[in-house]
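Visitor: Residue numbers (the UniProt record's numbering): 1 to 349. Note that the Cβ used here is the ideal one computed from N, Cα and C, for glycine as well. The structure under discussion is supplied below as structure tokens; questions concerning it will follow.
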């Protein structure tokens with residue numbers, strides 16, 4: 001089996017060494033090259049084609065975002081951005097994801113963050129090596145029904161789950177949904193500062209009620225609420241309607257927030273809902289969707305060709321809990337067929 005060739009681009013000697021040491025411990029990595037700026041990296045890329053590049057966002061002369069733009073236009077390859085856990089770093093990270101980066105890994109903020117950084121970087125590089133760097137721009141492909149067709153029932157709640165590639169996927173789906181749609185809850189695997197910036201960016205761009213969920217907040221029609229990056233979002237039925245609850249429960253598969261826990265909470269509502277599993281590495285969401293599907297709710301999975309990483313959708317499909325497999329470009333339209341403008345619903349009053 002051919003081993004991976006990784007290019008590390010960072011102006012910090014310490015970070016180059018740190019990343020190099022982590023990569024050297026990965027058995028699937030066979031070669032590592034280093035560049036301290038975009039000019040050196042560009043020169044190397046003219047002669048060789050690494051399998052994956054890690055790229056620092058903050059660099060002199062040409063920053064990581066400008067360099068990423070050039071790479072994706074001239075010679076696309078899977079890129080993992082390495083960013084500081086700051087407001088500016090979060091904003092730049094989201095821009096990088098929209099421009100084609102596969103994943104963003106937050107730099108460690110101290111010794112306590114080293115284990116987290118090592119694990120996240122190793123996972124990101126592994127999955128990036130097989131990622132579709134052009135996946136989110138592919139055209140529509142015919143949908144595939146994988147379960148017996150269920151009657152169209154207007155949902156009271158819609159749940160989305162995503163990881164790698166989810167930022168661009170959500171930016172495609174959410175603007176295409178009707179304004180007065182049932183409330184939406186989203187679990188996106190991402191550090192808390194990044195989730196806050198993502199919700200803020202979408203709110204400004206779409207002029208919709210989009211925010212990070214607050215504990216005890218009521219879910220109404222037209223609302224979109226993201227799980228905080230450090231807690232699970234579990235919708236529950238309250239006296240006056242659907243509510244957001246935030247949980248610190250141990251995550252079943254190590255992910256906080258957890259898609260499994262969100263979908264399982266949706267299943268306990270006893271209401272018609274839709275679960276949507278989008279691009280992402282791992283298998284978070286499949287177990288929760290099993291519970292949701294058993295209640296009669298509909299489940300949609302993004303198809304392989306439009307995913308950046310076909311991990312989470314694949315796990316759900318293989319578990320037999322998906323009703324339809326759709327390309328990214330068709331998901332919003334399909335969800336809209338379940339919806340009819342109405343008033344007086346418990347969740348949407």
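1) Please specify which runs of the beta strand (DSSP E), each continuous and at least 3 residues long, are wholly inside the stretch 171-249, giving them in chain order.
2) If you drop the 5 nearest sequence neighbours on each side, which residues of the same chain put their C-beta closer than 8 Å to that of residue 85?
3) Label residue 55 either buried or exposed according to how many other C-beta atoms from any shown protein chain fall within 10 Å of its C-beta, with 16 as the threshold for buried.
4) For residue 79, name the three-state secondary structure that DSSP assigns.
5) If I'm right that residue 371 touches residue 264 with Cβ under 8 Å, what's the distance once you round it to whole angstroms?
6) Are the beta-carbon atoms belonging to residue 162 and residue 97 less than 8 Å from one another?
7) Leaving out five residues before and five after residue 94 in sequence, what residues of the same chain have Cβ atoms less than 7 Å from its Cβ?
8) Just the C-alpha distance for residue 281 and residue 210, rounded to the nearest angstrom, thanks.
9) Beta-carbon separation of residue 287 and residue 252 under 8 Å?
10) Touch check for the stretch 125-133 and the stretch 70-80: three-plus C-beta pairs under 8 Å?
11) Less than 8 Å between the C-beta atoms of residue 154 and residue 273, yes or no?
12) Are the Cβ atoms of residue 228 and residue 183 separated by less than 8 Å?
13) For the alpha helix (DSSP H) that contains residue 42, what are its first and last residues?
14) In the DSSP output, which residue or residues are listed as bridge partners for residue 353?
15) I need the DSSP call for residue 6, collapsed to helix, strand or coil.
16) Whose CA, out of 20, 179, 16, 187, lies closest to the CA of residue 312?
17) List the DSSP bridge partners of residue 103.
18) Which residue or residues does DSSP assign as beta-bridge partners of residue 157?
19) Would you kindly check if the distance between the Cβ of residue 292 and the Cβ of residue 275 is under 8 Å?
20) Which of the three DSSP states, helix, strand or coil, is assigned to residue 29?
21) Any contact of the stretch 48-68 with the stretch 9-18, i.e. 3+ C-beta pairs under 8 Å?
22) Out of 207, 234, 208, which has the shortest C-alpha to C-alpha gap to residue 218?
23) Determine the burial state of residue 225: buried for a count of at least 16 other Cβ atoms within 10 Å of its Cβ, exposed for fewer.
24) Starting from the C-beta of residue 308, find all residues in its chain whose C-beta is less than 7 Å away, skip the five residues before and the five after it, and write them out in chain order.
25) Going by Cα to Cα distance, which pick from 178, 331, 189 is closest to residue 254?
26) Can you tell me whether residue 64 is helix, strand or coil according to DSSP?
27) Please determine whether the Cβ atom of residue 6 lies at a distance below 7 Å from any heavy atom of the ligand NAD.
Guide: Straight from the coordinates:
1) 184-188, 209-212, 223-226, 232-238, 241-247
2) 106, 107, 109, 191, 193
3) buried
4) strand
5) This structure leaves residue 371 out entirely; the chain is present only between 1 and 349.
6) no
7) 167, 194, 197, 198, 201
8) 25 Å
9) yes
10) yes
11) no
12) no
13) 38-45
14) Missing from the structure shown is residue 353; the chain here goes from 1 to 349 and no further.
15) strand
16) 187
17) 80
18) 273
19) yes
20) strand
21) yes
22) 234
23) buried
24) 102, 131, 132, 135, 136, 164, 165, 279
25) 189
26) helix
27) The ligand NAD is not part of this structure, which contains no ligands at all.
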